[in-house]
Amino acid sequence: MTDFSKLLNPEQCAAATAGDGPLLVLAAAGTGKTRTLVHRVAYLIEKGVTPDRILLLTFTNRAAREMRERAEKLVGDAVASIWSGTFHSICARLLRRYGSGLGYAPGFQILDEDDQKKILGDLIKASVPDPKDFVKKDLVAKMISEAANERRPVADIARRWLTKAAGVEPDKIAAIAEKYEARKRELGAMDFDDLLVNGLKLLTSERTAGVREMLQEHFLYVLVDEYQDTNGLQAEFTDILAAKHRNILAVGDDFQCIYTWRGAQIENIMEFPRRWTGCRTIKLERNYRSVPEVLDVANVVMKDAPQQFEKTLRPHRGGRGEKPVVYRVYDAKTMANEIYKLVSEARALGYRYGDMAVLYRSHFQSIDVQLTLARMKVPFRITSGVGVFEQLHVKDVLAYLRLVVNPTDELSFLRFVELLPGVGEKSAKTYWEKLGRNFDGRSKECRDALGKLLGAKARPLWPPLAKCFECACDHLEADEVGELIEDFCDLFYEDHLRKAWEEAEAEDRLADLKELAAQIAGNEGGLEAFLSDVALMTNLDVRKNDPTQDLLTLSTIHQAKGMEWPVVFVPWLSEGLFPSGKAVEEGRMDEERRLFYVVVTRAKDLLYLFSPQMRKTPDGGMFPVEASVFLREIPPQLVTVKRVAGFPPAYGSGSGYGNRGGFGGGYGAGSYGSRGGYGGSSGGRGGYGSRRGGYGGGRASGGSSSGLHTTWRH
0 MTDFSKLLNP
10 EQCAAATAGD
20 GPLLVLAAAG
30 TGKTRTLVHR
40 VAYLIEKGVT
50 PDRILLLTFT
60 NRAAREMRER
70 AEKLVGDAVA
80 SIWSGTFHSI
90 CARLLRRYGS
100 GLGYAPGFQI
110 LDEDDQKKIL
120 GDLIKASVPD
130 PKDFVKKDLV
140 AKMISEAANE
150 RRPVADIARR
160 WLTKAAGVEP
170 DKIAAIAEKY
180 EARKRELGAM
190 DFDDLLVNGL
200 KLLTSERTAG
210 VREMLQEHFL
220 YVLVDEYQDT
230 NGLQAEFTDI
240 LAAKHRNILA
250 VGDDFQCIYT
260 WRGAQIENIM
270 EFPRRWTGCR
280 TIKLERNYRS
290 VPEVLDVANV
300 VMKDAPQQFE
310 KTLRPHRGGR
320 GEKPVVYRVY
330 DAKTMANEIY
340 KLVSEARALG
350 YRYGDMAVLY
360 RSHFQSIDVQ
370 LTLARMKVPF
380 RITSGVGVFE
390 QLHVKDVLAY
400 LRLVVNPTDE
410 LSFLRFVELL
420 PGVGEKSAKT
430 YWEKLGRNFD
440 GRSKECRDAL
450 GKLLGAKARP
460 LWPPLAKCFE
470 CACDHLEADE
480 VGELIEDFCD
490 LFYEDHLRKA
500 WEEAEAEDRL
510 ADLKELAAQI
520 AGNEGGLEAF
530 LSDVALMTNL
540 DVRKNDPTQD
550 LLTLSTIHQA
560 KGMEWPVVFV
570 PWLSEGLFPS
580 GKAVEEGRMD
590 EERRLFYVVV
600 TRAKDLLYLF
610 SPQMRKTPDG
620 GMFPVEASVF
630 LREIPPQLVT
640 VKRVAGFPPA
650 YGSGSGYGNR
660 GGFGGGYGAG
670 SYGSRGGYGG
680 SSGGRGGYGS
690 RRGGYGGGRA
700 SGGSSSGLHT
710 TWRH
């Protein structure tokens, strides 16, 4: 028998070698959760438990494979016969064996995401008069998925998601969902959500009561990884399977529950001891990842959080490291430059690019960093989906901007025109040829010519778009390039997004575009230089997927959970950005706090936290933002604070908040220049303050455009 006390610390050993009965293991960040689970499996097998009577449930195939491989090194080939995998894969395995009781043949097809969208697309085309005016198939798929996981009618989810701009009745979504269910039955197929739904039905249906009893008898031990991420279906599934023998081990950390937006229920882990009478609880608090100084900050983050199991991270690493550094910088560009400098310094200290990560709350917060790293030829990979400039909504707007600048850009014209209802690839190419392979939107003759070519569905939308092109020339001459995007969104694209996406997703994409407008407005080289930078960056992206390359990581915090790096940079720790203003409005501050805890605990050696003091507006101005509440809560002795530049002189008297909730007339009468940001309420168009509830009174009526630069630059 293995002496587990020599392989594990006392708390890990207690969890791995625990006797029978329900057990909750609260594994704080970096405390050896996987190691503990692996040794639990090894202990059970050494104790004589038949391997195939052990069920190990994980959330990723990678985690299941890693645990199986590590357990095999301890106890040999016997581990191969344990039941291990994701919830979806285990449900699929059970349904192939026993799904006939629910009417499914063993060889049922599993639909992937593309299959699902193809079926939904066909059903929408066959069921509605004008598919282009209907909710997009991707959004319908999301509604159906959410309804399945929440066990609610699709119409209820549609009522919650659909905006007035979508113009579709929830019952029509429900009708498509019914046809989708019927079509899956015809095909003898299930999608991913069906695997969970039907896996649970296998355990709850009277038709398959014998299967439930057999499985409850068969599985002596049920082990669940990342229990804080379970939804209602998954928690009930494991509760039923473990009900007879009561040997259920749940491993998780309530501090790291950050996926409630996709169905995770923190109540599952919080109520686990109450659901399972006689449950023991073991806390893993010895952290093997981070230097003590990082852990000091992590412990403060969750100190007063409500609804928690108290845990205190204790460092295993000896000696003293560097305190986390809080950088109070002027703006996003200053922040990006500092990150580049720190990356270079870390390289000089011996760190590889692969040892470093920039982790952000939302995609758009990485725009400045992406541009700066690309300009400075720092190789990086984006692991949280595609880069900002490769996202569909950003590419749509960039196509419009490129067409404004270059009337002969065929690809941009085709992409732009295909945004209109009833216009497909073939029609768009026909229009291009009839226009003489040139579309100068600033020419009334050219605008009218395109308007006459458009079909009945697209023609009503053309006048406001024609107005965008008509105003473009004036905007460019007045150096109001950010307002090109503002016009485009106001007059057309916002409604387009709201028809294509549910409200929260549409709002996130609009936030991306506001930030894009601010970037262009503040770009020293103007619009054409900005578009050139973006083109260079996206061309370089082609070479960024080589796993052998030494690349710096850019990722959202959500995607970075479970990962670690010696050096971590966290941008935009400013109010309204992190914590997210929307999350605060919706009462989700607790999850934002947990998200900050997760990002702090990704750092092993060095942690850099950035708080810009100014944020760009889409009209080229600036407005002040407070440091994040999370930074303000950290005792000053736990961090080193560095100011990259001093604060400007007193703001002066502004006119407060705008008439629709945006920042009002600016902070001072004409101080800091025509593009410097704070300008007085008398100048310009009023930015987003007067038109969209945004940021202020526009340009100042006086002053120098270079004022801010000379004030803030070293």
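Using numbering that gives the first Met the number 0, the letters of the sequence shown correspond one by one to residues 0 to 713. Every residue gets a Cβ at the ideal spot worked out from N, C-alpha and C, and that includes glycine. Predicted model only: the values in this text are computed from it and were never measured.
Output needed for residue i: all residues of its chain with C-beta closer than 6 Å, excluding positions within five of it in sequence on either side, in chain order.
i, result
"Q11", "G31 and T35"
"G645", "In this prediction, G645 has a pLDDT of 44, which is less than 50 and means its spatial position is unreliable; what the coordinates show is noted afterwards. Cβ within range, chain order: n/a, list empty."
"G84", "A63"
"A649", "Bear in mind that a pLDDT of 36 at A649, under 50, signals an unreliable position, so the model cannot answer this."
"F595", "V300 and F629"
"L248", "L22 and L222"
"R206", "G100"
"G251", "E225, Y226, Q227 and I268"
Please list the terminal residues of the continuous alpha helix (DSSP H) segment that includes residue i.
i, result
"P272", "F271 to R274"
"K332", "A331 to A347"
"I257", "Here I257 belongs to no alpha helix (DSSP H), and DSSP marks it neither H nor E."
"D494", "E493 to A499"
"Y399", "L391 to V404"
Using CA atoms only, rank isn't needed, just tell me which of the options is closest to residue i.
i, options, result
"L728", "N148, E185 and S365", "This structure cannot settle anything about residue 728, because the visible part of the chain is limited to 0 through 713."
"L402", "R360, A465 and L453", "A465"
"D113", "G106, D121 and F107", "D121"
"L572", "I556, V628, M588 and T555", "V628"
"Q227", "K243, Y258 and H474", "Y258"
"G435", "I53, G106 and F412", "F412"
"T311", "L551, A28, A373 and K5", "A28"
"F308", "P611, R593 and K641", "R593"
"E389", "S365, P459, R497 and R150", "S365"
"V78", "R92, T59 and V48", "V48"
"N336", "P635, T33 and F568", "F568"
"L199", "Q233, F191, L496 and D473", "Q233"
"R61", "A602, T547 and S88", "S88"
"W461", "A499, L418, Y220 and L526", "L418"
"G318", "M189, V293, T229 and K282", "V293"
Going by the DSSP bridge assignment, what does residue i pair with across the sheet?
i, result
"F379", "L551"
"S144", "Answer is none; S144 lacks a bridge partner."
"T280", "L23"
"L608", "V325 and V569"
"A249", "L23 and V223"
"V640", "V325"
"F622", "R614"
"A188", "Q108"
"N286", "P314"
"A602", "W564"
Could you pull out every residue in the same chain whose Cβ sits closer than 7 Å to the Cβ of residue i, ignoring the five residues on either side in sequence?
i, result
"H315", "R285, N286 and Y287"
"R158", "P169"
"E45", "M0, T1 and V74"
"K243", "Q215 and E216"
"F3", "C12, A15, T16, H38 and Y42"
"D19", "N246"
"R95", "P105"
"F487", "V396, Y399 and C467"
So, for residue i: in the same chain, excluding its five sequence neighbours on each side, which residues have a beta-carbon less than 8 Å away from its beta-carbon?
i, result
"V296", "P323, V599, L606, I633, L637 and V638"
"A510", "S361 and F363"
"A582", "M588, E590 and E591"
"D549", "R351, Y352, G353 and P378"
"Q306", "D253, I265, M269 and D589"
"V624", "S573, E574, G575, L576, P611, Q612, M613 and R614"
"T407", "R436 and N437"
"R92", "W82 and G84"
Could you spell out the range, first to last residue, of the beta strand (DSSP E) harbouring residue i?
i, result
"G84", "W82 to T85"
"T57", "I53 to T57"
"L358", "M355 to Y359"
"R206", "Here R206 belongs to no beta strand (DSSP E), and DSSP marks it neither H nor E."
Determine whether the Cβ of residue i lies closer than 7 Å to any Cβ atom of chain D.
i, result
"N197", "Reference to chain D is not applicable here, since this structure consists of a single protein chain."
**Asked** Where in the region 550 to 584 do unbroken runs of the beta strand (DSSP E), each at least 3 residues long, occur, reported from the N-terminal end onward?
**Response** You should have 551 to 555 and 564 to 569.
**Request:** Kindly provide the ranges of any alpha helix (DSSP H) runs that are 4 or more residues long and lie completely inside the region 4 to 41, ordered along the chain.
**Result:** DSSP runs (the alpha helix (DSSP H)) wholly in the region 4 to 41: 9 to 15.
**Message:** Suppose only complete runs of 4+ residues qualify. What are the alpha helix (DSSP H) ranges in the region 68 to 134, listed by chain order?
**Reply:** The DSSP assignment places complete alpha helix (DSSP H) segments of no fewer than 4 residues inside the region 68 to 134 at 86 to 97 and 112 to 126, in order along the chain.
**Item:** Segments assigned alpha helix (DSSP H), at least 4 residues, entirely inside the region 419 to 455
**Value:** Qualifying alpha helix (DSSP H) stretches, in chain order: 424 to 433 and 443 to 452.
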